[in-house]
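Counted the way mature numbering (1 follows the signal peptide of the UniProt record, and there is no 0) counts, the sequence shown spans residues -20 to -1, 1 to 191.
Built from N, CA and C at the ideal position, the CB exists for glycine as well.
Report on the structure given below.
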Amino acid sequence: MRKIILTLLATCLPVTASYAGGMDTLFLEQVYPNGGSTLYCQEPFQLGDRILVTQIYDERRLAQHFGCRSSRLCRNNPQFTDIYQDRHALFPVTRLAELDRRRTLFGDLPDTTNKNAHCGYKQSFQVFEPPVNAKGDVARAMLYLHERYELPLLGTLEMYQRWSREDPVTDEERQRNNVIEKLQGNRNPFIDNPAQAQRLQGSSPLNMQFP
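The following block contains the structure:
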């Protein structure tokens, strides 16, 4: 019975979040050939470990942005595919963290919300707040998608600007930016120049929030 439950659980994960997927394996081999650390939990991994690859932008809302009822129906849309396969928005994560983040939006939660004992993130039914060590990575990836592809932010501009300040760019993030540039020919400018995030403006924080 336990084996059946685990099998069903694995099949519920998005196809793009499964380490068994060929694109995910290729991503890890290209961007993390010598291993690395997972986004939220900072757990070290090597190639071949059971690590998932997650897209930072919510899959369902990305499909909605292109007028699709599901991501599967958007797979023939080249713009959708370009965004979904953009390495700047893909990150290695642990299976538990991905399950906890599924179908939530990034946001701030009250200080009274319990943190995950191992990874430090907080979650509610609809909101996921990354640990401080991941907030900057999330913010700079989301702002990159917003600027490059004109996607609506999943969260407020003010929040991502604050998260980028709270969690400055690390050497590992810069190295990842260098590797991805060699692979797909462009960089995340918010990593090269974090101050650029603070110069973004919106007429209202609320109109930067995905409905």
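Linking Q59 to V118 through their CA atoms gives a straight-line distance of about 21 Å.
Sequence-distant partners of P24 (beyond 5 residues in either direction) whose C-beta falls short of 7 Å from its own C-beta, in its chain, are G15 and S17.
Burial state of V112 is exposed, judged by a 10 Å Cβ sphere holding fewer than 16 other Cβ atoms.
By the Cβ-count criterion, K102 is buried, with 16 or more other Cβ atoms from all chains shown falling within 10 Å of its own Cβ.
For the options D66, Y12 and E78, the alpha carbon positioned closest to that of F108 is the one of E78.
In the DSSP assignment, the residues bridged to G16 are F25.
Nearest C-alpha to R52 among I63, D62 and E39: E39. Following the DSSP letters along the chain, one finds Q35 inside the beta strand (DSSP E) bounded by residues L32 to Q35. The beta carbon of T74 sits closer than 8 Å to the beta carbons of T18, Y20, C21, E23, I31, L32 and C99 from its chain, once the five residues preceding and following it are set aside; these are given in chain order. Shown here, P169 sits in a helix according to DSSP, grouped into three states.
Under DSSP, L70 forms a beta bridge with Q35.
Here L125 really is in contact with L131; their C-beta atoms are around 5 Å apart, less than 8 Å.
Taking the Cα of L42 as reference, the smallest distance to any Cα among Q141, Y129 and D147 is reached at Y129. Ranking N158, L133, K95 and L76 by CA distance to the CA of Q10 puts N158 first.
Here R154 has no same chain residue with a Cβ atom under 6 Å from its own Cβ, once five neighbours each way along the sequence are excluded.
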